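*Asks:* Okay, handing you the structure first.
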Amino acid sequence: MDSDGDGVTDDKDQCAETMEGETVDENGCTSGDVDGDGDGVENTKDECPNTPSGETVDANGCSTSQKDSDGDGVNDDSDSCPSTPSG
Numbered sequence: 081m082d083s084d085g086d087g088v089t090d091d092k093d094q095c096a097e098t099m100e101g102e103t104v105d106e107n108g109c110t111s112g113d114v115d116g117d118g119d120g121v122e123n124t125k126d127e128c129p130n131t132p133s134g135e136t137v138d139a140n141g142c143s144t145s146q147k148d149s150d151g152d153g154v155n156d157d158s159d160s161c162p163s164t165p166s167g
């Protein structure tokens, strides 16, 4: 059986909700379904696609070494003043 119509049978399909007609690999996944940096967030949802190995990420696929929450030019993992006012 191929529930999502992607050409890969359900018993081998690692991406069971692929839209019918999309190009998939041998696992039934599109290039967007794959997690290129191995952080647990699919490429299509990953706002930080090059997370260093082993770093914990948020729901958007970003680690503290990739975010600058206060916009001061210093990433959160190195920011001694994480609430710098804008300007």
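In this note's numbering, each residue carries its 1-based index in the sequence shown increased by 80.
Virtual Cβ for every residue (Gly too), placed ideally from N, Cα, C.
Since this is a predicted model, take the numbers as computed values, not measurements.
D115: which of C95, P165, M99, N155 sits nearest, CA to CA?
*Replies:* The shortest C-alpha separation from D115 is found at C95.
*Asks:* If you check the beta carbons only, do D84 and T103 fall under 8 angstroms apart?
*Replies:* no
*Asks:* Can you list, in chain order, the residues of its chain whose CB lies under 6 angstroms from that of D119, leaving out five sequence neighbours each side?
*Replies:* T131, V137, G141
*Asks:* Drop a sphere of 10 angstroms on the beta-carbon of E109, count the other beta-carbons inside from all chains shown, and report buried for 16 or more, exposed for fewer.
*Replies:* The sequence shown places Cys at residue 109, rather than the Glu named in the question. Its Cβ being crowded by 16 or more others within 10 Å, C109 is buried.
*Asks:* Kindly provide the ranges of any alpha helix (DSSP H) runs that are 4 or more residues long and lie completely inside the stretch 124-156, ordered along the chain.
*Replies:* The stretch 124-156 contains no whole alpha helix (DSSP H) run of 4 or more residues.
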